[in-house]
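From first to last, the protein sequence lines stand for chains A and B. The opening position of the first sequence corresponds to residue 7 in my numbering, with each subsequent residue numbered one higher. The opening position of the second sequence corresponds to residue 7 in my numbering, with each subsequent residue numbered one higher.
2 protein chains.
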Amino acid sequence: MSIETDIKQRTFRSPYHRLTVNLIYTANWLLHKQTGLFRAFDLSPQQYNVLRILRGSAPVPVKVSEITERMLDKTSNVSRLVDKLLEKNLVERKSCPSDRRAVHILITGKGLEVLKEIDPLTSELESTLYNLDSGEADELSRLLDKLRSAST
Amino acid sequence: MSIETDIKQRTFRSPYHRLTVNLIYTANWLLHKQTGLFRAFDLSPQQYNVLRILRGSAPVPVKVSEITERMLDKTSNVSRLVDKLLEKNLVERKSCPSDRRAVHILITGKGLEVLKEIDPLTSELESTLYNLDSGEADELSRLLDKLRSAST
DNA sequence: GTACATTAAATGTATATACATTAATTTTGC
DNA sequence: GCAAAATTAATGTATATACATTTAATGTAC
């Protein structure tokens, strides 16, 4: 369905304006689908994001500051996200020997198991959700990268 | 900059996965730019969204339920957003004669003035922010529409 | 080495959000 | 017309978020 129909707006003042609206609308749409999927595992999309970052690095731990840099939403409060994941025994905190200010975060075996359960569901979500062939998905990613490339 | 560099992730399991991450990352990036712009006017992106909807309909008022349908984020709590806008005298509430459950919301003169101040800034933001020509913006919008068109 | 600035993570606090529930009204089925 | 169901908006409540501040450790200038 076109963005015009979805939000019942007939005209936009420019292709850029339509794109702005469409981008935010589509991302919200996607985020709600994800939220529904992760809820069964008692995870928020942000908590899932942290776990994915930790799995990508495991068995090497990741500093809180580095998690922040890699988050999709850079303003996330990673300390508190890690608190939530700790309560569920999905991650561990370790002090960093070389810099006592820093804290190393490591995904646990249980954390890896949860991700393993979720993996096929996210793949399935993406493949059934997106009415695009992989070439179109690549093209869309390419245009999003280009969109952001102007500013620093 | 490519999404791989932005979030320091070298590989994705599929073009669809890269797209998922890229979409959410790009929308957050955009939303933070918008938040910065609207802050000078003491508005959140959501409050701005409501005002835009009301201007598009003025002088015909819009029911709360209809605002919800047109919002970019459909789970927004429009009652409370309208409360905030009322406090700032940017909108008025009117009871609906034909359905006493419904509430009509109308943008005020002050609301229209604020939008008029913001208009050139959002246009400028979009044109300087997006490293795309208008054809590419159209193509991106088209692909986003297509992406969402599978599910109901 | 001491003072000052910087960095890392955690915390305080006000606000926003998600989601369920409530209250009032209207619609529907009979 | 009446009871049950549906709709509309507001509210209750727990949690999440944004943003500033704090605490501790490290780096830098002198």
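A virtual CB, placed ideally from N, CA and C, is assigned to each residue, including glycine. Please read all numbers here as calculations on a predicted model, not as lab measurements.
Go ahead and label residue i buried or exposed: buried means 16 or more other beta carbons lie within 10 angstroms of its beta carbon, across all protein chains shown.
{"i": "glutamate 123/A", "result": "exposed"}
{"i": "glycine 42/A", "result": "exposed"}
{"i": "asparagine 95/B", "result": "exposed"}
{"i": "threonine 17/B", "result": "exposed"}
{"i": "alanine 2/A", "result": "Past the edges of chain A, shown from 7 to 158, lies residue 2/A, and the structure says nothing about it."}
{"i": "proline 65/A", "result": "exposed"}
{"i": "serine 133/B", "result": "exposed"}
{"i": "threonine 158/A", "result": "Residue confidence for threonine 158/A is low, a pLDDT of 41 falling below 50, so the modelled location carries little weight; the figure read from the coordinates is stated next. Looking at its Cβ environment, which holds fewer than 16 other Cβ atoms inside 10 Å, threonine 158/A is exposed."}
{"i": "methionine 7/B", "result": "exposed"}
{"i": "serine 71/B", "result": "exposed"}
{"i": "asparagine 83/A", "result": "exposed"}
{"i": "aspartate 12/B", "result": "buried"}
{"i": "proline 21/A", "result": "buried"}
Going by C-alpha distance, which of the options is nearest residue i?
{"i": "lysine 80/B", "options": "Leu118/B, Arg61/B and Val56/B", "result": "Val56/B"}
{"i": "leucine 87/B", "options": "Leu49/B, Ala108/B and Gln53/B", "result": "Gln53/B"}
{"i": "leucine 131/B", "options": "Gln40/B, Ser147/B, Thr114/B and Ser85/B", "result": "Gln40/B"}
{"i": "glutamate 98/B", "options": "Ile30/B, Leu118/B, Tyr136/B and Leu36/B", "result": "Leu118/B"}
{"i": "alanine 46/A", "options": "Thr114/A, Leu29/A and Leu121/A", "result": "Leu121/A"}
{"i": "aspartate 105/A", "options": "Lys69/A, Ile59/A, Gly62/A and Asp89/A", "result": "Lys69/A"}
{"i": "phenylalanine 44/A", "options": "Ser129/A, Leu149/A, Leu112/A and Ile111/A", "result": "Ser129/A"}
{"i": "leucine 78/A", "options": "Val109/A, Ile59/A, Ser85/A and Ser63/A", "result": "Ile59/A"}
{"i": "isoleucine 73/B", "options": "Pro103/B, Arg19/B, Ile113/B and Asn28/B", "result": "Ile113/B"}
{"i": "arginine 61/A", "options": "Gly141/A, Asp89/A and Gly115/A", "result": "Gly115/A"}
{"i": "arginine 19/A", "options": "Asn34/B, Asp125/B and Ala156/B", "result": "Asp125/B"}
{"i": "alanine 156/A", "options": "Thr26/B, Trp35/B and Val27/B", "result": "Trp35/B"}
{"i": "leucine 49/B", "options": "Ser140/B, Pro103/B, Arg107/B and Lys90/B", "result": "Lys90/B"}
Rounded C-beta distance between residue i and residue j? I'm assuming under 8 Å.
{"i": "leucine 138/B", "j": "lysine 152/A", "result": "6 Å"}
{"i": "arginine 154/B", "j": "threonine 32/A", "result": "6 Å"}
{"i": "glutamate 75/A", "j": "lysine 14/B", "result": "7 Å"}
{"i": "proline 51/A", "j": "isoleucine 111/A", "result": "Proline 51/A to isoleucine 111/A, Cβ: 18 Å. No contact."}
{"i": "leucine 149/A", "j": "leucine 146/B", "result": "5 Å"}
{"i": "leucine 127/A", "j": "isoleucine 30/B", "result": "With 8 Å as the limit, leucine 127/A and isoleucine 30/B do not qualify as a contact, their Cβ atoms being about 17 Å apart."}
Is the shortest distance between the beta-carbon of residue i and the beta-carbons of chain B less than 9 Å?
{"i": "lysine 14/A", "result": "yes"}
{"i": "histidine 38/A", "result": "yes"}
{"i": "isoleucine 111/A", "result": "no"}
{"i": "aspartate 151/A", "result": "yes"}
{"i": "leucine 60/A", "result": "no"}
{"i": "proline 67/A", "result": "no"}
{"i": "leucine 57/A", "result": "no"}
{"i": "aspartate 79/A", "result": "yes"}
{"i": "leucine 135/A", "result": "yes"}
Using beta carbons (cut-off 9 Å, strictly below), is residue i in contact with chain A?
{"i": "alanine 64/B", "result": "no"}
{"i": "arginine 24/B", "result": "yes"}
{"i": "serine 71/B", "result": "no"}
{"i": "aspartate 48/B", "result": "no"}
{"i": "asparagine 28/B", "result": "yes"}
{"i": "proline 21/B", "result": "yes"}
{"i": "alanine 108/B", "result": "no"}
{"i": "asparagine 83/B", "result": "no"}
{"i": "isoleucine 124/B", "result": "no"}
{"i": "serine 157/B", "result": "Bear in mind that the predicted position of serine 157/B carries a pLDDT of just 49, short of 50, making it unreliable; the figure below should be weighed with that in mind. Serine 157/B counts as touching chain A."}
{"i": "tyrosine 3/B", "result": "With chain B covering 7 to 158 only, the question about residue 3/B has no answer from this structure."}
{"i": "leucine 43/B", "result": "no"}
{"i": "aspartate 76/B", "result": "For the sequence presented, residue 76/B should be read as arginine rather than aspartate. Chain A, which has a Cβ nearer than 9 Å to the Cβ of arginine 76/B, makes this yes."}
{"i": "glycine 117/B", "result": "no"}
{"i": "leucine 138/B", "result": "yes"}
{"i": "threonine 114/B", "result": "no"}
{"i": "arginine 99/B", "result": "no"}
{"i": "serine 8/B", "result": "yes"}
{"i": "arginine 86/B", "result": "no"}
{"i": "serine 147/B", "result": "yes"}
Any heavy atom of the ligand NAP closer than 8 Å to the beta-carbon of residue i?
{"i": "valine 70/A", "result": "What this structure holds is no ligand at all, so the ligand NAP is not there to describe."}
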